[in-house]
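Following: one structure in structure tokens, then a few remarks.
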Amino acid sequence: MTRGIPVRATAVWMLLMAATALTWWLGADHGADLGGGRTWVALAIPVVFLKVYLIGSEFMEVRTAPRALRLVFGAWVMVLTAVLTTIYLL
């Protein structure tokens, strides 16, 4: 048994922290009035679903699940991202 830092999980966690900071920045009132703020939120939605995908894949172990489940999960994330972004922009 190897003890030490789980490299893959740590890298994913660091990416999740960076994505959290990015969504916070996109949602903050940082003075840019591009599209009345709607554009910033529309850019945050895909970042949020990237986080959903990473959490599902790495920490809920969908990455090691049967191929069909991985494909369904990936398709669900992509479709939901597109639908919610479209609905928000309408």
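Position 11, counted from 1, in the sequence shown is what the numbering used here calls 11; the numbers after and before it change by one each time, with no gaps. Note that beta-carbon positions come from the ideal geometry of N, C-alpha and C, so glycine has one too. Predicted, not measured: the structure shown is a model, and the values here were computed from it.
Which whole-angstrom value is the C-beta distance of residue i and residue j, which I expect to be below 8 Å?
i: Val-83; j: Leu-54; result: No, Val-83 and Leu-54 are not in contact; Cβ-Cβ is about 20 Å, not under 8 Å.
i: Gly-56; j: Val-47; result: The pair is not a contact, with the Cβ atoms about 15 Å apart (cut-off 8 Å).
Put residue i into one of helix, strand or coil per three-state DSSP.
i: Pro-66; result: coil
i: Glu-58; result: helix
i: Gly-4; result: coil
i: Leu-26; result: helix
i: Leu-90; result: coil
Cα separation between residue i and residue j?
i: Thr-86; j: Thr-23; result: 18 Å
i: Val-77; j: Val-7; result: 25 Å
i: Ala-75; j: Arg-38; result: 25 Å
i: Phe-59; j: Val-79; result: 21 Å
i: Met-17; j: Leu-43; result: 17 Å
i: Trp-40; j: Thr-10; result: 28 Å
i: Ala-114; j: Gly-27; result: What is shown of the chain runs 1 to 90, which leaves residue 114 out entirely.
i: Thr-64; j: Arg-70; result: 8 Å
i: Leu-89; j: Arg-67; result: 33 Å
i: Trp-25; j: Val-72; result: 31 Å
i: Leu-50; j: Gly-4; result: 27 Å
i: Ala-21; j: Ile-45; result: 14 Å
i: Met-14; j: Thr-81; result: 22 Å
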